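So the sequence shown is numbered by the numbering used here: it starts at 780 and just counts up by one. Accompanying notes for the structure given below.
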Amino acid sequence: MQYRVPEVVDRILQEKTSKAVLDHMRKALREVGVEYFCLIRFPRPDEPLEMSIVGMNMPTAWVENYKFHNSQHIDPGIQHSRKVVQPFFWYDAPAQKPLQIEMVKGAKEMGIPEALVVPVPGPMGSIGTMWMGGGSRSELQANRLIIQAIGLAGFYRLQELSTPIEHHQLTKREREVLFLIAKGKSAAEVGYILHLSTRTIEWHIIQAMRKLEARNRIQAVVLAIRDGLIAV
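What follows is the structure, encoded as structure tokens:
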């Protein structure tokens, strides 16, 4: 696998869609002992998990449990990644607060495997982290540099493929949310219809307001209709 690293990284960086990037990462990482992975941008305070995930390949039960406990804000791996630059093992991350200790205990009870955690460097310091889970600590350690290279290529490419934040460049989800708000739905009702949490819907509304330079959600709806971004 080692002699193919430049080829794999180059392929990931040239993929045209997020799905293609993730498919290629799954195949390449499986060859070096990584069965599951989660790439996450450091979350802002109270930011829902959906908004900080860059890409992942994780069992649904793990993700739902993580979301339910809002774990991205207490995860010892994420917290430790903010302070270091070298990869480390998730179960070795300092867990000092009661909620962190409980989280680690729960992870072990759920059978969540050991994982190599790789901080993601940016121009002004680390910008996120990558959880690379496998069955063997020794295998993860032996393939550490390969895992790091593949993960970073995927993280950066997925960020490039995501919609840049620009004035009036609303995402499909933001347009869907504003359309339903225009129909008189509350954030909770919109969340029920789109199968998302109310917190996530509020985040999409805030993002749309910022892009449209609106003072409130009603003004955002009016501007979106005026500019042909939604039709009601």
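For every residue, glycine included, the Cβ atom is placed at its ideal position computed from N, Cα and C. What you are looking at is a predicted structure, and each value in this text was computed from that prediction instead of being measured.
> Which residue's Cα is closest to the Cα of K846: T979, P877, N995, Q938?
Replying inline: Residue mapping note: residue 846 aligns to position 67 of the sequence shown, counting from 1. Closest by alpha carbon: T979.
> K862 to P902, Cα distance in whole Å?
Replying inline: Stepping through the sequence shown from its first residue, residue 862 is reached at position 83. Stepping through the sequence shown from its first residue, residue 902 is reached at position 123. Taking the straight line from one Cα to the other gives about 15 Å.
>> Out of I929, F867, E939, which one is the CA nearest neighbour of Q920?
In response: Numbered from its first residue, the sequence shown carries residue 920 at position 141. Of the listed residues, the one whose Cα sits closest to Q920 is F867.
> Between which two residues does the beta strand (DSSP E) carrying F816 extend?
Replying inline: Within the sequence shown, numbered from 1, the residue matching residue 816 stands at position 37. Element bounds for F816: 815 to 820.
> Which term fits V1055, buried or exposed, when burial requires 16 or more other beta carbons within 10 angstroms of its beta carbon?
Replying inline: Residue 1055 lies beyond the range of the chain shown here (780 to 1011); nothing can be said about it.
> Closest by CA to V788, which one among K964, L957, L924, N844?
Replying inline: For the purposes of this step, residue 788 is identified with residue 9 of the sequence shown, where counting begins at 1. With distances taken between CA atoms, V788 lies nearest to L924 out of K964, L957, L924, N844.
> How close, in whole Å, do the beta carbons of W841 and G856 come, if the pair is a contact with beta carbons under 8 Å?
Replying inline: The residue labelled residue 841 in the question sits at position 62 within the sequence shown. The residue labelled residue 856 in the question sits at position 77 within the sequence shown. With 8 Å as the limit, W841 and G856 do not qualify as a contact, their Cβ atoms being about 14 Å apart.
> Between which two residues does the beta strand (DSSP E) harbouring I906 extend?
Replying inline: If you number the sequence shown from 1, residue 906 lands on position 127. Where I906 is concerned, the enclosing beta strand (DSSP E) stretches over 904 to 912.
> Around the Cβ of H974, are there at least 16 other Cβ atoms within 10 angstroms (buried) or fewer (exposed)?
Replying inline: Taking the sequence shown and counting its residues from 1, one reaches residue 974 at position 195. Per the 10 Å Cβ criterion, exposed.
> Anyone know if the C-beta pair for V784 and G834 falls short of 8 Å?
Replying inline: In the sequence shown, the residue the question calls residue 784 occupies position 5. In the sequence shown, the residue the question calls residue 834 occupies position 55. For V784 and G834, no; Cβs fall outside 8 Å.
> DSSP three-state call for I944: helix, strand or coil?
Replying inline: For the purposes of this step, residue 944 is taken as residue 165 along the sequence shown, with counting starting at 1. Residue confidence is low: I944 scores 45 on pLDDT, short of 50, so the model does not pin down where it sits. No coordinate-derived value is stated.
> Which one or two residues does DSSP pair with P900 in a beta bridge?
Replying inline: Counting from one through the sequence shown, the residue named residue 900 turns up at place 121. In DSSP, P900 forms a bridge with S905.
>> Along the chain, where does the beta strand (DSSP E) containing I832 start, and where does it finish?
In response: Along the sequence shown, one-based indexing puts residue 832 at 53. Start and end: 832 to 836.
>> So, with DSSP's three-state summary, where would you put A966?
In response: As a first step, residue 966 must be located in the sequence shown, where it is residue number 187. Helix, per DSSP.
>> Please give the ranges of any beta strand (DSSP E) in the region 849 to 905, keeping only runs that are unbroken, at least 3 residues long and fully inside the region.
In response: 894 to 901
> Pick from P827, Y815, E794: whose alpha carbon is nearest that of W982?
Replying inline: Locating residue 982 in the sequence shown gives position 203, where the first residue counts as 1. Ranking the options by Cα distance to W982, first place goes to P827.
> Where does the unbroken alpha helix (DSSP H) through A807 begin, and where does it stop?
Replying inline: The residue given as residue 807 occupies position 28 in the sequence shown. Counting along the chain, the alpha helix (DSSP H) containing A807 begins and ends at 797 to 809.
> Leaving out five residues before and five after G907 in sequence, what residues of the same chain have Cβ atoms less than 6 Å from its Cβ?
Replying inline: As a first step, residue 907 is located in the sequence shown; it is residue number 128 there, counting from the start. Taken in chain order, the residues that qualify are I819, R820, F821, V899.
>> Below 8 Å on the Cβ atoms is my contact criterion, and I expect V813 with G970 to pass it. Report the Cβ-Cβ distance as a whole number of Å.
In response: Residue mapping note: residue 813 aligns to position 34 of the sequence shown, counting from 1. Residue mapping note: residue 970 aligns to position 191 of the sequence shown, counting from 1. Not quite, the Cβ-Cβ distance comes to about 33 Å (not below 8 Å), so this is no contact.
>> Taking the alpha-carbon of A894 as reference, which of G904, Q879, M882, A872 has the nearest alpha-carbon?
In response: Along the sequence shown, read from residue 1 onward, the residue named residue 894 stands at position 115. Selected option, being the one with the closest Cα: A872.
> Helix, strand or coil: how does DSSP classify E794 here?
Replying inline: Your numbering for residue 794 matches position 15 in the sequence shown. Coil.
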